[in-house]
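A.B. asks: Protein chains in written order, with the numbering used here: chain A, 1 to 202; chain B, 1 to 202. Built from N, CA and C at the ideal position, the CB exists for glycine as well.
1. Give the DSSP-derived three-state secondary structure of residue 8 of chain B in the structure shown.
2. Taking the C-alpha atoms as reference points, what is the distance between residue 159 of chain A and residue 38 of chain B?
3. Should residue 74 of chain A and residue 57 of chain B be called a contact, given that it needs their Cβ atoms to be closer than 8 Å?
4. Are the stretch 143–154 of chain B and the stretch 140–155 of chain A touching by the rule of at least three beta carbon pairs closer than 8 Å?
5. Hey, how far is the Cα of residue 3 of chain B from the Cα of residue 106 of chain A?
6. In whole angstroms, what separates the C-alpha of residue 32 of chain B from that of residue 161 of chain B?
7. Tell me the residue span of the beta strand (DSSP E) that contains residue 81 of chain A.
8. Using the Cβ count rule (16 or more neighbours within 10 Å means buried), how would you classify residue 189 of chain A?
9. Nearest chain B C-beta to residue 85 of chain A closer than 8 Å, yes or no?
10. Taking Cβ positions, are residue 115 of chain B and residue 166 of chain B nearer each other than 8 Å?
11. Would you verify that the beta carbon of residue 202 of chain A is, or is not, closer than 8 Å to some beta carbon of chain D?
12. Mind checking which residues open and close the alpha helix (DSSP H) that includes residue 221 of chain A?
13. Tell me which residue opens and which closes the beta strand (DSSP E) that residue 50 of chain B is part of.
14. Enumerate in chain order the residues of its own chain whose CB-to-CB distance from residue 126 of chain B is below 6 Å, with the five nearest sequence positions on each side excluded.
15. Would you say residue 56 of chain A reaches chain B, if we count a Cβ-Cβ gap shorter than 8 Å as a contact?
16. In chain order, what are the residue ranges of uninterrupted beta strand (DSSP E) at least 3 long that sit wholly in the stretch 160–189 of chain A?
17. Is it buried or exposed for residue 20 of chain B, if we count other Cβ within 10 angstroms and need 16 for buried?
18. Determine, for residue 186 of chain A, whether the minimum Cβ-Cβ distance to residues of chain B falls below 8 Å.
19. Measuring alpha carbon to alpha carbon, tell me which of A/8, A/103, A/112, A/64 ends up nearest residue 11 of chain B.
20. What's the gap between the Cα of residue 17 of chain B and the Cα of residue 196 of chain A?
21. Can you confirm whether residue 5 of chain A, when its beta carbon is compared against all beta carbons of chain B, has any partner nearer than 8 Å?
22. Alpha carbon to alpha carbon, how far is residue 55 of chain B from residue 83 of chain A?
23. Roughly how many angstroms separate the alpha carbons of residue 64 of chain B and residue 53 of chain A, rounded to a whole number?
24. May I ask you to report which of helix, strand or coil DSSP gives residue 102 of chain B?
25. Between which two residues does the alpha helix (DSSP H) containing residue 88 of chain B stretch?
26. With the cut-off set at 8 Å, would you say residue 110 of chain B and residue 48 of chain B are in Cβ contact?
27. Could you tell me the alpha carbon to alpha carbon distance between residue 6 of chain A and residue 141 of chain B, rounded to whole angstroms?
28. Using the C-alpha atoms, what's the distance from residue 29 of chain A back to residue 89 of chain B?
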C-alpha cells in the first residue's frame, strides 16, 4: 500500500512538473471572443456561470438576451433582482421566431439588441459581455455576420471578453473566435416524455 | 417585403403548431441524473448556472466540490458569500491529483465528499445536488462506480436532480443517466500562449 502510494507520488510529481512547464509558457492575457454552440445543453447556462464568476471577481459585466425575451428565465430574474449593480441586462428578443411569427419585428428586436451590445462592448468599464442566443439572430440573417465579426475584431477593447451563444454558429464567427466549445447531445430525457423543468431547463 | 413577412408568418405558424404538439406529449416530471463530460469547457460552469437557476426559483440546493478544493473559484466564493442560505457547499477535494501527490489523502477526501453527497441527496428539503468533478474521483477509482450508480438509482428521491461533472464519465454512469452532454473542444487559446484568466476559467 505504501509502495503504491510512493509510486503514485512519483508519477504525480512527473505530471505536475510537465504541467508546470507547459503553464509557464502561457503568460499572455487577452480579452477573448468565446463561442458556445452545438445542439447539447449548457451553452447559455455555462455563459451565465461565467457571468457569476465575473461578479465574484468584481468584474463589471453585461448581458444581452437576443431571443429568450419573453421567458422569465431563472438567470435573468436573478441578475435583475440580486445583481443589478454588477451586471447590466438588456432583453431585446421577444421569444423564438416561431413564437413571434413576425419576421420584421424579430429583425427590429435583433438590431436593438446589437446596438445595446455594441454600447456595452465599447464601454471601457465593462470587462465581460454575454450575447445570449445571438447565433439564432445571425443564422436567420437578422443581423449581418460580417458586420458583427468586423466589430468584434476591430472595435472590441483588447481586454474585454465577449461570449456569443446559440446553435449553428456561423463559420465566420468560429474563424474569428479564440475559444469555441460545442455542446453535444448524448442523451436527453425528452424522448422519455419528460418536460422542461425549472432549475434544469430554465 | 410584406409578402416575405406573410410567408414567414405562415411557416412559423406551422413550426409552432408542430412544436406545441410535440411539447404536449412531454408531461412527465422527474428528478434527473445529469452528466456533463468531455474535454471542452463549460462542464462545471453550466452546472453552476443551473445552481443559480435553482436559487432563482427558490429550490434549495447543494454542491460538493470533489477536486477543486484548494482553488478559490469564483463560483464557490459567490455561493459562500452571497447564497449561503440557499445553497449548501462542501469542499472535499484538495486540488488535482498531480497537486496533492498523495493517493491515500485523495481517496480519503473523495470518500468524505461522497458521504456529504449522500446526505444531501437523501435530504428531502434539497431539490438539486451538484457533484462537481466527481468523474475524476470515479476515474481513478477513489470512489466505486457501482456503489455510486446503485445509490443514485435506488436511494435518490424521485424528484431530486443530481448533476455529475468531469471528463471521462464512466460508461456505467452514462448508462444510468437521463441527460448527458459532452462538451467538445473546438478551439482553445492555450495554443496561442494565453493563460487561464479570471471570469473565463475560474
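C.D. replies: A quick look at the data gives this:
1. For the purposes of this step, residue 8 of chain B is taken as residue 8 along the second chain, with counting starting at 1. Reduced to three states, the DSSP call for residue 8 of chain B is helix.
2. For the purposes of this step, residue 159 of chain A is taken as residue 159 along the first chain, with counting starting at 1. For the purposes of this step, residue 38 of chain B is taken as residue 38 along the second chain, with counting starting at 1. For residue 159 of chain A and residue 38 of chain B, the distance between alpha carbons rounds to 28 Å.
3. The residue you call residue 74 of chain A lines up with position 74 of the first chain. The residue you call residue 57 of chain B lines up with position 57 of the second chain. Yes.
4. no
5. Within the second chain, numbered from 1, the residue matching residue 3 of chain B stands at position 3. Within the first chain, numbered from 1, the residue matching residue 106 of chain A stands at position 106. Answer to the nearest angstrom: the Cα atoms are 16 Å apart.
6. Mapped onto the second chain, residue 32 of chain B falls at position 32. Mapped onto the second chain, residue 161 of chain B falls at position 161. Going from the Cα of residue 32 of chain B to the Cα of residue 161 of chain B covers about 5 Å.
7. On the first chain, residue 81 of chain A is found 81 positions in, with the first residue counted as 1. Per DSSP, residue 81 of chain A belongs to no beta strand (DSSP E); it is in the alpha helix (DSSP H), 74–82.
8. On the first chain, position 189 is the one that residue 189 of chain A refers to. It counts as buried.
9. For the purposes of this step, residue 85 of chain A is identified with residue 85 of the first chain, where counting begins at 1. Judged by the 8 Å Cβ criterion, residue 85 of chain A is not in contact with chain B.
10. Residue numbering aside, residue 115 of chain B sits at position 115 when the second chain is read from its first letter. Residue numbering aside, residue 166 of chain B sits at position 166 when the second chain is read from its first letter. Cβ distance not < 8 Å, so residue 115 of chain B and residue 166 of chain B don't count as in contact.
11. In the displayed structure, chain D is absent; the protein chains listed are A and B.
12. Here chain A has residues from 1 to 202 only, and residue 221 of chain A is not among them.
13. As a first step, residue 50 of chain B must be located in the second chain, where it is residue number 50. Looking at the DSSP string, residue 50 of chain B is not in any beta strand (DSSP E); the run it does join, the alpha helix (DSSP H), is 43–56.
14. Working through the second chain from its first residue, we reach residue 126 of chain B at position 126. Answer for residue 126 of chain B: 60, 62, 120, listed in chain order.
15. To locate residue 56 of chain A, count along the first chain from 1; it is residue 56. For residue 56 of chain A, the nearest CB of chain B lies under 8 Å from its own CB, placing it at the interface with that chain.
16. Those beta strand (DSSP E) runs which fall completely within the stretch 160–189 of chain A and span 3+ residues are 161–165, 179–187.
17. Here residue 20 of chain B corresponds to residue number 20 of the second chain, with the count starting at 1. Its Cβ having fewer than 16 others within 10 Å, residue 20 of chain B is exposed.
18. The residue you call residue 186 of chain A lines up with position 186 of the first chain. It does; some Cβ of chain B falls within 8 Å.
19. What you label residue 11 of chain B is simply residue 11 of the second chain in a count that begins at 1. Selected option, being the one with the closest Cα: A/103.
20. By 1-based counting over the second chain, the position of residue 17 of chain B is 17. By 1-based counting over the first chain, the position of residue 196 of chain A is 196. Near 18 Å, if we compare the C-alpha coordinates of residue 196 of chain A and residue 17 of chain B.
21. For the purposes of this step, residue 5 of chain A is taken as the residue at position 5 of the first chain. Yes - at least one Cβ of chain B is within 8 Å of the one on residue 5 of chain A.
22. Position 55 of the second chain, counted from the first residue, corresponds to residue 55 of chain B. Position 83 of the first chain, counted from the first residue, corresponds to residue 83 of chain A. Whole-angstrom Cα-Cα distance: 13 Å.
23. For the purposes of this step, residue 64 of chain B is taken as residue 64 along the second chain, with counting starting at 1. For the purposes of this step, residue 53 of chain A is taken as residue 53 along the first chain, with counting starting at 1. About 18 Å.
24. By one-based count along the second chain, residue 102 of chain B stands at place 102. Three-state DSSP puts residue 102 of chain B in coil, outside helix and strand.
25. For this step, residue 88 of chain B is matched to residue 88 along the second chain. Run containing residue 88 of chain B: none in the alpha helix (DSSP H); it sits in the beta strand (DSSP E), 87–91.
26. Translated into positions along the second chain, residue 110 of chain B becomes position 110. Translated into positions along the second chain, residue 48 of chain B becomes position 48. No, Cβ-Cβ distance for residue 110 of chain B and residue 48 of chain B is not below 8 Å.
27. Taking the first residue of the first chain as position 1, residue 6 of chain A is located at position 6. Taking the first residue of the second chain as position 1, residue 141 of chain B is located at position 141. Cα to Cα, residue 6 of chain A sits roughly 17 Å from residue 141 of chain B.
28. Here residue 89 of chain B is taken as the residue at index 89 of the second chain, counted from 1. Here residue 29 of chain A is taken as the residue at index 29 of the first chain, counted from 1. Straight across, the Cα-Cα distance linking residue 89 of chain B with residue 29 of chain A is about 31 Å.
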